[in-house]
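Novice: For reference, the structure I am asking about is given below.
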Amino acid sequence: MKVITTRSLTFLDFIRLPLSVYSAAGVKMFLWDDQDFMSWWEKFLLVFQFVNLSTNFFAKALFFVFGQFEGTVHLTKWALYFIFANNGFCKVFSVALGRHQLFSVLKDLEKIYPKTHQERQEFRLVPCYQYIMKHSKIMSIQHFTIALIFVVFPIVQSTIEYLTSDDENANFVPYTPYIMVYPFDVSRGIGYAYAYISQTLGGFTVSCYIVGSDMLLMCSIYQVIMHFDHLCLRIENFQSKGYEEDMQEISMVLERHNLLNKLAESVNNIFSISILLNYMISIFIIVMISIQISTGSDFGLDFIKFVGFFTSATTQVYYICMFGTLLMEHSGQVCEALIGQQWYMADVRYQRMLVLAIARSQRPSHLTAFKFFTISMETFSNLMTTAYQFFTLLKTQMEEQ
């Protein structure tokens with residue numbers, strides 16, 4: 000096990016976890032250097048898992064045409080699974096389309112990554128690494144645990160129904176994790192084994208797409224946040240050393256601040272469409288899950304499954320909103336640091352230049368949902384409120400029917 004120290008931490012350590020999650024689904028988003036390449040096994044894994052997931056996606060879509068829903072609850076369950084798969088596709092495609100720009104951003108962040116031991120201590124690398132890893136692992140473990148429950152639940156349900164049946168001639172009723180239609184019989188034998196394994200693998204793949212994309216966004220933004228914090232520290236520790244050195248210092252501050260704003264804006268441009276779609280899809284998912292919990296699931300494994308799904312979907316949005324808030328708060332502290340430094344001890348010409356720096360720093364960096372609204376904890380609150388309003392409206396209509 001690698002021992003994490005201030006000296007040993009590299010830039011790649013901060014983004015290794017999301018890249019590893021992508022790799023589990025066969026996705027190698029970046030070729031990091033000239034020695035990095037995509038092996039034949041990685042290519043096979045990518046094609047195999049993507050084809051399998053696409054097959055599952057079409058099997059879900061075709062159920063709406065050729066399948067038969069048992070009721071409103073069954074329909075909402077199908078819609079929930081279908082939108083969940085769409086969410087995974089949207090997230091990984093948005094990253095894939097912007098991977099060249101994102102790679103450039105990450106390379107720029109690697110260039111300004113702290114090199115000296117003193118800089119690494121000022122950045123507090125170990126606590127920062129532990130912080131981002133803690134939240135990344137919480138989100139990923141929670142999501143994959145729920146995905147595992149969805150996979151295991153049908154077998155457990157079939158087994159319990161078979162063992163607790165009072166009918167001596169009762170047969171083992173096969174259930175699959177998701178609602179799909181096939182051109183062959185999947186109720187027994189090889190057909191059932193294929194459907195179950197294929198759906199399990201498809202669920203794992205889409206989970207990797209979702210978790211990998213969200214963690215990559217979090218880790219990229221947190222790197223920018225770390226540099227904003229260090230910039231604030233440098234500004235607060237300013238001591239006048241003469242006009243020329245002071246002007247060099249303020250020029251460096253302005254240059255670094257502009258770079259960080261551009262990097263944050265680039266990350267936002269890459270993920271903004273994904274964030275908007277995720278916001279809308281999450282509202283739908285939360286509403287559908289709430290309907291399942293309130294009307295379609297008795298207290299038991301099925302209830303636990305959908306409560307876990309609800310928690311996982313909510314957590315994903317929560318973390319994106321949380322890191323959006325952190326970005327605004329920490330980038331906004333640059334202005335406060337400039338105002339609070341010992342500028343009054345410097346030359347008048349420095350003080351005039353400082354006014355320009357303060358003016359530039361008054362607009363904090365932020366994440367947006369394709370420029371429709373800014374992502375923050377207030378956005379999370381609005382999402383939950385909107386989801387609850389839709390839920391109460393749909394539930395009322397269902398009760399009236």
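Numbering that gives the first Met the number 0 puts the sequence shown at residues 0 to 400. Every residue gets a Cβ at the ideal spot worked out from N, C-alpha and C, and that includes glycine. Quantities reported herein were computed from a predicted structural model and do not represent experimental measurements.
1) On the premise that Ile234 lies in contact with Val252, defined as a C-beta separation below 8 Å, what is that separation, rounded to the nearest angstrom?
2) Does Thr373 come out as helix, strand or coil in the three-state DSSP assignment?
3) Determine the direct distance from the alpha carbon of Ser293 to that of Lys71, and round the result to whole angstroms.
4) Please state the DSSP three-state secondary structure of Thr391.
5) Give me, in chain order, the residues of the same chain whose beta-carbon lies closer than 6 Å to that of Ala194; leave out the 5 immediate sequence neighbours on both sides.
6) Considering only C-alpha positions, which residue in the set His329, Met321, Met352 and Thr384 is nearest to Ile374?
7) Opposite Thr367 in the DSSP bridges: which residues?
8) Would you call Asp228 buried or exposed, if buried means 16 or more other Cβ atoms sit within 10 Å of its Cβ?
9) Please go through the same chain and pick out, in chain order, the residues whose beta-carbon is closer than 7 Å to the beta-carbon of Leu337, but skip the five residues on each side of it.
10) So, with DSSP's three-state summary, where would you put Leu170?
11) What is the C-beta distance between Ile196 and Phe62, in whole angstroms, given that I count them as a contact (C-beta under 8 Å)?
12) Consult DSSP for Tyr181 and reduce its assignment to one of helix, strand or coil.
13) Where do the N-terminal and C-terminal ends of the alpha helix (DSSP H) with Asn260 fall, by residue?
14) Keeping to the same chain, check which residues put their C-beta closer than 6 Å to that of Phe10; ignore five residues upstream and five downstream.
15) Using the beta-carbon count (16 or more within 10 Å), is Lys240 buried or exposed?
16) What would DSSP say about Gln48, mapped onto helix, strand or coil?
17) Taking all protein chains shown into account, do 16 or more other C-beta atoms lie within 10 angstroms of the C-beta of Pro17, making it buried, or fewer, making it exposed?
18) Is it right to say Thr144 is buried, meaning 16 or more other beta carbons lie within 10 angstroms of its own, or is it exposed?
19) Give the list of continuous beta strand (DSSP E) stretches no shorter than 3 residues that lie fully inside the segment 206–234.
20) Is the segment 127–137 close to the segment 245–259, with three or more CB pairs under 8 Å?
21) If I measure Cβ to Cβ from Ile272 and keep anything under 7 Å in the same chain, skipping five residues before and after, which residues do I get?
22) With distances taken Cα to Cα, identify the nearest neighbour of Cys218 among Phe203, Phe47, Thr163 and Met138.
23) Near Met37, what residues of its chain come up, given a Cβ to Cβ distance below 6 Å and the 5 sequence neighbours on each side ignored?
24) Please confirm whether Ile282 and Leu382 have their CB atoms less than 8 Å apart.
25) Can you list, in chain order, the residues of its chain whose CB lies under 7 Å from that of Ser206, leaving out five sequence neighbours each side?
26) Can you tell which of Cys127, Lys304, Asn51 and Leu216 has the C-alpha that lies nearest to the C-alpha of Leu101?
27) Tell me, to the nearest whole angstrom, how far the beta carbon of Tyr242 is from that of Asp346; I am working on the premise that it is less than 8 Å.
28) Under a three-way DSSP split, which group does Lys27 fall into?
29) Have a look at Arg208 and Gly339 and give me their C-alpha separation to the nearest angstrom.
30) Shortest alpha-carbon distance to Ser212 belongs to which of Val333, Glu41 and Arg98?
31) Are the beta-carbon atoms of Thr75 and Met287 separated by less than 8 Å?
32) Quick one: residues in its chain with C-beta nearer than 6 Å to the C-beta of Phe29, no 5 flanking neighbours on either side, listed in chain order?
33) Between the Cα of Pro182 and those of Gln117, Asn55, Val125 and Lys106, spot the shortest distance and give me the residue it belongs to.
34) So, does the segment 38–47 touch the segment 152–166, judging by three or more C-beta pairs under 8 Å?
Specialist: In this structure, then:
1) 6 Å
2) strand
3) Here residue 71 is Thr; the residue named in the question, Lys, does not match the sequence. Their Cα atoms are separated by approximately 13 Å.
4) helix
5) Thr175 and Val185
6) Met321
7) Thr373
8) buried
9) Ile234, Leu353, Ala356, Ile357 and Ser360
10) One detail in the question is off: residue 170 reads as Asn in this sequence, not Leu. Note: Asn170 maps to coil in three-state DSSP.
11) Wrong, their Cβ atoms sit about 19 Å apart, outside the cutoff.
12) coil
13) Tyr242 to Ile290
14) Glu109 and Tyr112
15) exposed
16) helix
17) buried
18) exposed
19) none
20) no
21) Ser93 and Phe369
22) Met138
23) Lys27
24) yes
25) His142, Phe143 and Ala146
26) Leu216
27) 4 Å
28) coil
29) Rather than Arg, the amino acid found at residue 208 in this sequence is Tyr. Their Cα atoms are separated by approximately 44 Å.
30) Arg98
31) yes
32) Phe102
33) Asn55
34) no
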